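Start counting the sequence shown at 1; every next residue gets the next number (full-length UniProt numbering). Taking it in order: structure first as structure tokens, then the write-up.
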Amino acid sequence: MTKRERVRAAFHGLETDHVPVCFWKHVPQELWQEDKFIEAQVDFYKKTDVDFVKLSADGYFGWPAPALGKLEQAKDLYQMKAFGPDHPFIREQIHRTKKIVSTLKDECCCLYLIFCPLSYLRLEIGYPRMMELIREDPEAVKHACRVIAGDVKLLVRGIIEEAGCDGIFYSVQNGEVNRFTYEEYREWVTPSDKEVLDYANTLSDMNALHCCAWEEINNRLEDWSDYDSAVVSWSRYIDGLGVSQAKDTFKRTVWGGFDNRLGSLLYSGTKEEIQAETKALIEEGGKRGFIIGPDCSIHDELPLERIRWVVETARSV
Numbered sequence: 001m002t003k004r005e006r007v008r009a010a011f012h013g014l015e016t017d018h019v020p021v022c023f024w025k026h027v028p029q030e031l032w033q034e035d036k037f038i039e040a041q042v043d044f045y046k047k048t049d050v051d052f053v054k055l056s057a058d059g060y061f062g063w064p065a066p067a068l069g070k071l072e073q074a075k076d077l078y079q080m081k082a083f084g085p086d087h088p089f090i091r092e093q094i095h096r097t098k099k100i101v102s103t104l105k106d107e108c109c110c111l112y113l114i115f116c117p118l119s120y121l122r123l124e125i126g127y128p129r130m131m132e133l134i135r136e137d138p139e140a141v142k143h144a145c146r147v148i149a150g151d152v153k154l155l156v157r158g159i160i161e162e163a164g165c166d167g168i169f170y171s172v173q174n175g176e177v178n179r180f181t182y183e184e185y186r187e188w189v190t191p192s193d194k195e196v197l198d199y200a201n202t203l204s205d206m207n208a209l210h211c212c213a214w215e216e217i218n219n220r221l222e223d224w225s226d227y228d229s230a231v232v233s234w235s236r237y238i239d240g241l242g243v244s245q246a247k248d249t250f251k252r253t254v255w256g257g258f259d260n261r262l263g264s265l266l267y268s269g270t271k272e273e274i275q276a277e278t279k280a281l282i283e284e285g286g287k288r289g290f291i292i293g294p295d296c297s298i299h300d301e302l303p304l305e306r307i308r309w310v311v312e313t314a315r316s317v
């Protein structure tokens, strides 16, 4: 199988010759200038030889709406307006991503990081302010998320249809057990979450749902139980689901297995220990419906040769 054949088969729950591997990391700010950013993403792929790439959106995390810069109270969110398809926040991401994909697409599949609408809001104003606003006036926050969702759908369309990505890596966050109740999440957050994801699924059958646990707090996974995607990227070590449990829980291809945190086996283990863990994951996950990867983004401190050890081991089994 080629990399593209292997990954497409894995995304669709078919048996693969080898278990695909994909790790990812964020690009440091000093490399955000376009040419340097593109070089960093391509260089990571070449040095690790992963089976496909999750392209980052660094430099475009927070939602740059003017209304968010002068918020005094939650009702001010009703002043938010849509960007439209030609806004630099949308066009620049598509332009940059297209250049990366044109370099890699013939060789491997490419997914692009897209945040859920509430996370774009939170990345601009911070968690404390987000929580203040949603407690003060959840309908105002829902309005803001609807506005953001409309523009994110334009971004998703451009990323897939114009830039040429195979799908999106859709990061849902804010589902920590101590943040909202199940009822609150489903009422306040789910509508905009699903508006974007459901739209992406009309454009591609290669979308991954990332149940992000970067905050290192357990997620209430049932918040996302009816979110459709080809693949689920889950946190084995934070949410406490082994590979077989994750497959049973999500009932689709799962992507993960390695702890991404500093000090974990990936950073501190010997080559032999990392090879053994890779083989153990494959033994548990099998060659159907399983992709090896991290719980979340790896840190800059990780030597890339360690990812290569995982890749080479997976291809030997």
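Even glycine gets a Cβ: it sits at the ideal position worked out from N, Cα and C. Since we're looking at a predicted model, the values are computed, not measured.
In the displayed model, THR202 falls within a helix according to three-state DSSP.
Residue burial annotation: ILE217 is exposed, with fewer than 16 other C-beta atoms found within 10 angstroms of its C-beta. Within the stretch 108-175, the runs of alpha helix (DSSP H) that reach at least 4 residues and sit entirely inside it are, in chain order, 117-125, 127-136 and 138-157.
Here ALA280 is exposed, its C-beta having fewer than 16 other C-beta atoms within 10 Å. For PHE250 and GLU277, the gap between their C-alpha atoms comes out near 23 angstroms. If you check the CB distance, ASP205 and ALA246 do not come in under 8 angstroms.
In summary, PRO20 is buried, with 16 or more beta-carbon neighbours lying within 10 Å of its beta-carbon over all protein chains present. Counting every other CB atom within 10 Å of its CB across the protein chains shown gives GLN41 a total of 16 or more, marking it as buried.
GLY84 carries a coil assignment under DSSP once its states are collapsed to helix, strand and coil. Close CB contacts of CYS211 within its chain, under the 8 angstroms cut and outside five residues either way in sequence, are with VAL172, GLY175, ASN219, LEU221, TRP224, VAL232, SER233, TRP234, SER235 and ASP239 (chain order). Non-local beta-carbon contacts of ILE160 in its own chain, meaning distances under 6 angstroms to residues more than five positions away in sequence, involve LEU203 and SER204 in chain order.
Between VAL152 and ILE114, the beta carbon gap of about 6 angstroms places them in contact (Cβ cut-off 8 angstroms). Nearest in C-alpha terms to GLU284, of all of ASN201, GLY242, ARG135 and LEU209, is GLY242. With a cutoff of 8 angstroms on beta-carbon distance, LEU304 and THR103 are scored as not near each other. According to the DSSP assignment, GLY62 belongs to no alpha helix (DSSP H), since it is labelled neither H nor E.
If you compare the alpha carbons of CYS108, PHE37 and VAL317 with that of ASP58, the shortest gap goes to PHE37. Within the stretch 267-312, the runs of beta strand (DSSP E) at least 3 residues long that lie entirely inside it are, in chain order, 290-294. Separation of the CB atoms of TYR112 and LEU55 is rounded to 5 angstroms, and the pair is thereby assigned contact status at 8 angstroms.
Here the alpha carbon of GLU183 sits roughly 14 angstroms from the alpha carbon of ASP226. The Cβ atoms of ILE291 and CYS22 sit closer than 8 angstroms to each other. Cβ-Cβ distances below 8 angstroms link LYS287 to GLU15, THR16, ASP17, HIS18 and VAL19 in the same chain, with the five nearest sequence neighbours on each side left out; the list follows chain order.
For LYS3, there is no enclosing beta strand (DSSP E); the residue is found in the alpha helix (DSSP H) stretching over 3-11. Straight across, the Cα-Cα distance linking PRO128 with ARG315 is about 45 angstroms.
Residue pairing for GLU15: DSSP places it in a beta bridge opposite ARG288. Taking every protein chain shown into account, the CB of SER268 has fewer than 16 other CB atoms within 10 angstroms, so this residue is exposed. In the three-state scheme derived from DSSP, where H, G and I count as helix and E and B as strand, THR181 is classed as coil. Taking a 10 Å sphere around the C-beta of ARG122, we find 16 or more other C-beta atoms and assign the residue as buried. Secondary structure at GLY263: coil, using DSSP grouped into helix, strand and coil.
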